[in-house]
DNA sequence: TATCTGGATTGATGGCGGTCGATCTGGAGC
DNA sequence: GCTCCAGATCGACCGCCATCAATCCAGATA
């Protein structure tokens, strides 16, 4: 995969010729990138990132009624953010009676974390 | 910071009372979260994530003319994505003659990476 | 049954984001 | 000077997103 690039062509270049050979990019990486980008996109909002942070601090589950007073947004907006995180597979929820409890899916951030480091 | 939560209140709850005490969330974390969310947002697009991936594979710098044929998007759109990555502080560029060379800023992903793991 | 309540859903709105073609910019070469 | 080229920028379009108030739903309580 580690294609050596001819950098800094400087001069002597015919018309239409490119400065270097194109890098081939395997299709396998595309699906991989799409999944990681989906997770990153879900984390690309300060409130959602803080939500995940709170849920991770409490290794177990956290009731929605605890999360609402932490942010200056309406209850419906918070529910919307939690829904997005769940759609991205980052968190999941469980209802018990009137209350809903959210928790971080184990290994949900593993793939992106591994790529970043 | 690790506040013990009283989970599963079940029953015996007066009107207006919440199921548990609210978790205090330090303001310091908010600015921290905003910065990491900015980086995550920039990575929240498959093309941008692949761009960063290509730049990271080639530890040095990569010419834009190498990047264009890798994706099925116009040159202007690619330039737009590179601009977003640069605005987020993830990459930077250098012009030499007609060509522009992009590279990943060292430690740009460090903060988010540390938080994820 | 009726009433209350926590949370999800709906509808509306304003703004942001990805995409393109077209244009502009500045360096290279004639 | 002029022309050509790589890359950035502009203008426009369209769809998605964050937000809210209002509503709906289901479980609990009386």
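Residue numbers (this note's numbering), protein chains in the order written: chain C, 6 to 122; chain Y, 6 to 122.
Glycine included, C-beta positions come from ideal geometry on N, C-alpha and C.
Alpha helix (DSSP H) segment containing residue i, residue limits
i: residue 93 of chain C; result: Taken as a continuous stretch (DSSP letters only), residue 93 of chain C belongs to no alpha helix (DSSP H), as it is neither H nor E.
i: residue 48 of chain Y; result: Run containing residue 48 of chain Y: none; DSSP gives neither H nor E here.
i: residue 66 of chain Y; result: Premise fails: residue 66 of chain Y is in no alpha helix (DSSP H) and is neither H nor E.
i: residue 118 of chain Y; result: 115-121
Residue i in three-state terms, based on DSSP
i: residue 99 of chain C; result: strand
i: residue 105 of chain C; result: strand
i: residue 110 of chain C; result: coil
i: residue 79 of chain C; result: coil
i: residue 36 of chain Y; result: helix
Neighbourhood of residue i by C-beta distance below 7 Å, restricted to the same chain and skipping five residues each side
i: residue 60 of chain C; result: 67, 96, 107, 108 and 109
i: residue 41 of chain C; result: 116, 117 and 120
i: residue 89 of chain C; result: 47 and 53
i: residue 78 of chain C; result: 52
i: residue 36 of chain C; result: none
Which listed residue (the options) has its alpha carbon closest to that of residue i
i: residue 50 of chain C; options: Y:53, Y:45 and Y:52; result: Y:45
i: residue 111 of chain Y; options: Y:70, Y:79, Y:71 and Y:57; result: Y:57
i: residue 104 of chain C; options: C:39, C:69 and C:43; result: C:69
i: residue 114 of chain C; options: C:71, C:102 and C:91; result: C:91
Expected contact under 8 Å - CB spacing of residue i and residue j to nearest Å
i: residue 55 of chain C; j: residue 34 of chain Y; result: 7 Å
i: residue 83 of chain Y; j: residue 73 of chain Y; result: 6 Å
i: residue 122 of chain Y; j: residue 98 of chain C; result: Not a contact, Cβ separation roughly 24 Å.
Chain-order list of residues whose beta-carbon lies under 6 Å from that of residue i (same chain, five-residue window excluded)
i: residue 43 of chain C; result: 93
i: residue 76 of chain Y; result: 52
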